[in-house]
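Novice: Residue numbers (the working numbering): -12 to 399.
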Amino acid sequence: MPSRSAPTTAHLAALAETYGTPLWVYDLRVVDTALATVRAAIPDATLAFAVKANASGAVLRHLAIRGVGAEAITIGELARSLRAGIDPARVVVGGPAQDEALRALAREARVARVSLDSRSQWRDWCDEPDGWPQGTLAFVRVNPGLDPRTHEHMAVGKADSKFGLTPDEALALAREVASSGALAGFHVHAGSQLTDPSVHEGVLATLAPLYDALPQARELDLGGGFALPGYPLERLGALTDAWVRPRGLRLWLEPGRALVAAAGTLLTRVLHVKEGPRRHLIADAGMADLVRPALYGAEHPIHPVTVAGRVVGDDEALEALDVPTDVDGPLCENADRLGRDVRLPALASGDLLAVGLAGAYGLGMGSHYASHTHAAEVVIDAHGAAHLARRRQPLDALWADEVDAEAERTPA
Ligand SMILES: Cc1ncc(COP(=O)(O)O)c(C=O)c1O
């Protein structure tokens, strides 16, 4: 079995003891390594972290201090980013909706960029009493109409997806935006979990005639989508360098997963072991915590932290049982599963598992399905010390927002 990365198994076991399970653990040292990797590969890019990947206040504050901006698509994401201290000068507001509430906060905060996903969004902004926000520039999002070779749900750059405008429509809208002096340039997010930079070559080939036609477009936002592990960022660096520099463009990127996925571990405890031709480990975390396996068929590395109650060594070689093993969640759905055919040794009830590469699209995509409450979050700081970043959700959070219907039941 491959060995795991930081934090150590002993540390994880201690955290589970202190805070219980399921538990999210984000190692901020790993975020720093990821950020350094992205910055080294593409030094000139302004980074706007895609907040949807991990909206934990502790993570956002950490990125804010390091000068990272935010890509926000809801008022909630924008409010969280600002609250965490992210500089509005590095904020891109985007998304297919951009409702009135989001527009109002974006206007008040004077965000640097808005990515327009449709012509009617442009009208919505301009039709407000104050018109287009002073000091904010617009990207026009282009649908490149290519196959980004990723899971269907994440292939947002395909022609039939709801995102962006066709190149012709985008050019027409960009001309209009430019005539009012508000154009930054074009934006493409081709998809997520991309492994092949030739997708971005295709994107740039689509964009070239647009930039040729519109010299007022001085910036390019290439979105995010870099698979981790798997996307060769240095190749993107070389590609963008060769493209952006001669044109004198400012480059923006919106990495989500690449900055936070490796930093996150979901700690879960095995509640029951069901032997048979297929072994089922019923864990206390599942699709309501980490939906990626159910939604995308995503495969996360799963490693034992304890075996029969004993904390395993970080580099200890463990012999996996020769039985197909599923790590299943606690809810009543076949899709409630963290891993299929996982290679694991003989585990007992009470053993702990670490689900790796879980720092992106974890709790943020979590749900209250089956009245499951959200797990706690812990961050590990630069000195290796752990801090509680979010309390385990109490049971009464499930009904806290319900309106008491007692009056309806009382006969008149
Ligand atoms: C517009 C936009 N930018 C950036 C991202 C971040 O993608 P990833 O986490 O794959 O880098 C997304 C993800 O959905 C997105 O929609």
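Think of the CB as a built atom: it goes at the ideal place given N, C-alpha and C, for glycine as much as any other residue.
In this text, all values refer to a predicted model and were calculated from it rather than measured experimentally.
1. What is the C-beta distance between Val161 and Ala204, in whole angstroms, given that I count them as a contact (C-beta under 8 Å)?
2. From what residue to what residue does the beta strand (DSSP E) around Val365 run?
3. Starting from Thr20, trace the beta strand (DSSP E) in both directions and tell me its first and last residue.
4. Could you tell me if the beta carbon of Gly211 falls within a distance shorter than 6 Å of some heavy atom in ligand 1?
5. DSSP three-state label for Val79, please.
6. Going by beta carbon distance, what residues of the same chain come within less than 7 Å of His49, once the five residues before and after it are set aside?
7. Tell me whether Arg401 counts as near ligand 1, meaning its Cβ is closer than 6 Å to at least one heavy atom of that ligand.
8. Using CA atoms only, rank isn't needed, just tell me which of Gly273, Thr227 and Glu206 is closest to Thr360.
9. How many Å lie between Ala142 and Asp391 at the Cα?
10. My guess is that Ala372 and Pro332 are in contact by the Cβ rule of under 8 Å, so how many angstroms apart are they, rounded?
11. Taking only the alpha-carbon atoms, compute the straight-line gap between Ala51 and Gly72 and give it to the nearest angstrom.
12. Tell me whether Val129 sits in a helix, a strand or coil according to DSSP, three-state version.
13. Using only the heavy atoms of ligand 1, determine whether one of them is closer than 6 Å to the beta carbon of His138.
14. Is the distance from the Cβ of Pro135 to the Cβ of Gly144 below 7 Å?
15. Take Trp119 and list the residues in its own chain whose beta-carbon comes closer than 6 Å to its own, dropping the five residues that flank it on each side.
16. Closer than 6 Å: is that where the CB of Ala(-3) sits relative to any heavy atom of ligand 2?
17. Could you compute how far the alpha carbon of Pro288 sits from the alpha carbon of Asp117?
Specialist: By the coordinates alone:
1. It should be pointed out that residue 161 corresponds to Ala in this sequence rather than to Val. Contact holds; Cβ gap of about 6 Å.
2. Note, Val365: beta strand (DSSP E), Ala363 to Ile367.
3. Counting along the chain, Thr20 falls outside any beta strand (DSSP E), though it belongs to the alpha helix (DSSP H) covering Leu15 to Ala28.
4. yes
5. strand
6. Leu15 and Val18
7. Because residue 401 is not part of the residues shown, which for the chain are -12 to 399, the question remains open.
8. Gly273
9. 43 Å
10. The Cβ separation is near 31 Å, so there is no contact.
11. 6 Å
12. strand
13. False, no ligand heavy atom lies under 6 Å from that Cβ.
14. yes
15. The answer, listed in chain order, is Trp112, Cys113 and Ala169.
16. Looking for ligand 2 in the displayed structure turns up nothing; the ligands present are ligand 1.
17. 51 Å
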